[in-house]
Amino acid sequence: MRLWIKDPIAILAEGAERGVVVEDGVIVELVARGREPARHDTVFDASRHVVIAGLVNTHHHFFQTLTRAHPSAINKELFPWLKALYPIWTKNVTPETFRLGTRLALTELLMSGCTTAADHHYLFPAGLEEAMDIQVEEAQRLGIRMTVSRGSMNLSEKDGGLPPDGAVQDEDTILADCERVLQKYHDPSEGSFIQVALSPCAPFTVTKHLMRESAVLAEKYDCRLHTHLGETLDENDYCEHHFQCRPVDYLEEVGWLNDRVWLAHGIHFNDAEVKKLGHHCVGVCHCPTSNMVLASGQCRTKELEAAGSPVGLGVDGSASNDNSNLMESVRHALMINRLTYDATVSHFDAFRWATEGSARCLGRNDIGAIAVGKQADMAFYTLDELRFSGGGDPLATLVLCGAHSADRVMIAGDWKVKDALPVHMDIGRLRQEHGEAARRFLDAL
Numbered sequence: 009m010r011l012w013i014k015d016p017i018a019i020l021a022e023g024a025e026r027g028v029v030v031e032d033g034v035i036v037e038l039v040a041r042g043r044e045p046a047r048h049d050t051v052f053d054a055s056r057h058v059v060i061a062g063l064v065n066t067h068h069h070f071f072q073t074l075t076r077a078h079p080s081a082i083n084k085e086l087f088p089w090l091k092a093l094y095p096i097w098t099k100n101v102t103p104e105t106f107r108l109g110t111r112l113a114l115t116e117l118l119m120s121g122c123t124t125a126a127d128h129h130y131l132f133p134a135g136l137e138e139a140m141d142i143q144v145e146e147a148q149r150l151g152i153r154m155t156v157s158r159g160s161m162n163l164s165e166k167d168g169g170l171p172p173d174g175a176v177q178d179e180d181t182i183l184a185d186c187e188r189v190l191q192k193y194h195d196p197s198e199g200s201f202i203q204v205a206l207s208p209c210a211p212f213t214v215t216k217h218l219m220r221e222s223a224v225l226a227e228k229y230d231c232r233l234h235t236h237l238g239e240t241l242d243e244n245d246y247c248e249h250h251f252q253c254r255p256v257d258y259l260e261e262v263g264w265l266n267d268r269v270w271l272a273h274g275i276h277f278n279d280a281e282v283k284k285l286g287h288h289c290v291g292v293c294h295c296p297t298s299n300m301v302l303a304s305g306q307c308r309t310k311e312l313e314a315a316g317s318p319v320g321l322g323v324d325g326s327a328s329n330d331n332s333n334l335m336e337s338v339r340h341a342l343m344i345n346r347l348t349y350d351a352t353v354s355h356f357d358a359f360r361w362a363t364e365g366s367a368r369c370l371g372r373n374d375i376g377a378i379a380v381g382k383q384a385d386m387a388f389y390t391l392d393e394l395r396f397s398g399g400g401d402p403l404a405t406l407v408l409c410g411a412h413s414a415d416r417v418m419i420a421g422d423w424k425v426k427d428a429l430p431v432h433m434d435i436g437r438l439r440q441e442h443g444e445a446a447r448r449f450l451d452a453l
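According to my numbering, the sequence shown is numbered sequentially starting from 9.
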């Protein structure tokens with residue numbers, strides 16, 4: 009069955025002014041201005057919609073939806089923010105609350121126009137050993153693509169790290185579960201819905217040996233590697249004090265300076281480090297909203313891209329954002345980068361980070377663009393709200409006027425959002441159940 013998505017208001021693709029044709033979950037034809045498709049069986053009238061490639065989220069912490077705007081953590085920078093929340097998370101994140109946090113984050117992302125999500129889950133208190141299985145189940149329930157990042161922490165306060173003892177696991181347990189998850193879920197094939205990455209949390213929460221062994225496993229199973237790096241000056245100071253080197257030197261020492269790796273944040277790199285990261289094609293996920301909330305700094309997106317690093321976009325944890333709306337982050341990325349550089353940073357730059365750049369960070373060449381041969385992952389927005397009235401350029405209007413909710417979302421040619429609502433989720437029930445679970449985290453005060 010060939011579906012013609014016909015005559016959108018605008019579309020984020022050259023030579024597709026009259027839309028695209030989708031067959032078997034793949035884009036098979038771009039229909040240029042003044043043309044008709046070579047063949048089609050059915051039509052979707054897109055004349056109310058601005059169409060973009062499905063957004064790709066490359067950094068998140070789903071469980072943190074349960075502690076948004078938490079009184080213990082607001083108005084703090086990263087290290088004190090973490091110290092305030094680690095004990096609350098360790099005590100209250102259970103399989104039940106984790107499932108609801110995951111479900112809500114994925115639903116929010118999908119409704120914003122996100123079609124592929126990577127979560128960096130590093131918290132494994134006793135009882136949460138099957139966290140990755142829960143995430144796969146929830147992603148499959150919604151029908152969203154996901155890179156399940158098996159995170160880890162094995163350096164607690166008693167060892168000179170940041171997290172409490174109850175939040176970490178020992179190295180043998182971590183590596184065994186990493187291999188289990190890879191064997192069970194990692195699907196590197198074209199069009200796959202579930203892939204796995206290995207994601208030790210950060211220099212201040214894991215040992216060098218765990219970083220090295222994670223890299224060995226990633227090579228064995230051909231998967232991606234992910235970690236936080238260069239997020240704050242405190243992190244730089246920690247590396248210099250404990251490892252006698254800066255974070256990028258640390259990355260090189262543990263065997264992570266290669267194109268398998270993408271980093272979260274990547275703010276505090278000097279010129280030589282940017283050049284080195286680019287030379288090795290290390291990706292960087294730009295998290296503009298979180299960086300502003302925690303006053304962490306401004307990612308050097310232009311320099312990193314010029315050096316050769318893929319730059320993607322992420323919402324980051326929903327307790328440092330405090331939402332899971334990737335379309336909103338597109339706008340924030342535009343604004344903070346204009347402040348960092350100048351007004352020549354365009355909405356096309358922000359869209360590129362959220363689509364093609366993010367896909368490259370995840371090591372995927374089958375998503376991230378509206379092009380023949382790519383997966384039919386697209387987000388459709390209307391311009392009916394008051395905020396859009398008067399908007400001239402439709403694509404720029406989405407970003408500058410603050411689009412935040414997709415009217416329709418397609419993944420692999422199937423509709424996952426219709427009339428701004430997910431087709432496989434009761435959001436009223438979800439809001440109630442998640443809200444009740446989140447109150448336990450407030451009771452922990």
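Heads up, the beta-carbon is just placed ideally off N, CA and C, and yes, glycines get one too. Please read these numbers as outputs of a predicted model, since none were measured by experiment.
Candidates the options: closest to residue i by CA position
i	options	result
PHE356	GLU22, ARG56 and HIS234	GLU22
ALA303	PRO88, VAL58, THR50 and ASP32	PRO88
THR98	THR75, ARG111 and THR115	THR75
MET418	HIS57, CYS369 and TRP270	HIS57
SER207	ILE435, LEU131 and ALA377	LEU131
MET140	VAL156, ALA134 and ARG149	VAL156
TRP270	VAL262, HIS67 and HIS48	HIS67
ALA184	HIS217, LEU225 and GLY109	LEU225
MET161	ALA54, ILE35, MET154 and ASP173	ASP173
SER328	VAL36, ALA314, HIS273 and ALA175	HIS273
THR50	GLY42, ARG41, GLU31 and GLY62	GLU31
ALA474	TRP12, LEU90 and ARG153	There is no way to answer for residue 474, as the model of the chain reaches only from 9 to 453.
THR124	VAL29, ARG26, PHE201 and ASP15	PHE201
ASP127	LEU38, GLU116 and ARG158	ARG158
SER298	VAL28, VAL256, GLU37 and VAL338	VAL338
VAL407	GLN72, VAL101 and SER120	SER120
ALA280	LEU312, ASP451 and GLN252	LEU312
VAL64	ASP15, LEU114 and SER55	LEU114
LEU20	ALA315, ILE275, VAL59 and ILE35	VAL59
VAL301	ALA411, HIS78, LYS426 and LEU370	HIS78
THR235	GLY381, GLY42, HIS69 and VAL431	HIS69
LYS382	GLU221, GLY199, VAL189 and ILE17	GLY199
ILE334	VAL380, ARG360, GLU227 and PRO318	What sits at residue 334 in the sequence shown is Leu, not Ile. It is ARG360 whose Cα lies nearest to the Cα of LEU334.
Counterpart residues of residue i in DSSP-defined beta bridges
i	result
ASN65	ALA125 and LEU321
GLU22	In DSSP, GLU22 forms no bridge with anything.
HIS276	None, per the DSSP bridge assignment.
GLN72	Its beta-bridge partners do not exist; DSSP assigns none.
LYS166	None, per the DSSP bridge assignment.
GLY27	LYS14
THR50	LEU11
VAL58	ALA18 and TYR389
LYS426	LEU429
THR155	ALA126 and GLN203
VAL417	ALA387 and VAL425
LEU112	In the DSSP output, where bridge partners are listed per residue, LEU112 has none listed.
LEU271	THR235 and VAL292
Environment of residue i [buried if 16+ CB atoms lie within 10 Å]
i	result
ASP385	buried
SER366	buried
ASP330	buried
HIS7	There is simply no residue 7 to check, as the chain begins at 9 and stops at 453 in what is shown.
ILE82	exposed
SER197	exposed
HIS129	buried
LEU218	buried
LEU347	exposed
GLU116	buried
GLN148	exposed
LEU394	exposed
ASP451	exposed
Backbone secondary structure at residue i - three-state DSSP
i	result
TYR532	This structure leaves residue 532 out entirely; the chain is present only between 9 and 453.
SER160	strand
SER445	Per the sequence presented here, residue 445 reads as Ala, with Ser not at that position. Helix, per DSSP.
PHE87	helix
THR309	helix
LEU131	coil
LEU531	Residue 531 is absent from the model: the chain starts at 9 and stops at 453.
LEU265	coil
CYS136	In the sequence under discussion, the amino acid at residue 136 is Leu, which differs from the Cys named in the question. The answer is coil: DSSP assigns LEU136 none of H, G, I, E or B.
ALA81	coil
PRO103	helix
SER337	helix
ARG43	coil
Q) Which ranges does the alpha helix (DSSP H) cover as unbroken runs of at least 4 residues, wholly within the stretch 176 to 260, from first to last along the chain? A) Runs of the alpha helix (DSSP H) inside the stretch 176 to 260: 179 to 193, 216 to 229 and 241 to 251.
**Q.** Unbroken stretches of the beta strand (DSSP E), 3 residues or longer, contained in the stretch 282 to 307
**A.** As far as the stretch 282 to 307 is concerned, its whole beta strand (DSSP E) runs of at least 3 residues are 291 to 294.
(Q) Please give the ranges of any beta strand (DSSP E) in the stretch 343 to 372, keeping only runs that are unbroken, at least 3 residues long and fully inside the region. (A) The stretch 343 to 372 contains no whole beta strand (DSSP E) run of 3 or more residues.
Q) Where in the stretch 369 to 411 do unbroken runs of the alpha helix (DSSP H), each at least 4 residues long, occur, reported from the N-terminal end onward? A) Segments of the alpha helix (DSSP H) lying fully in the stretch 369 to 411: 402 to 408.
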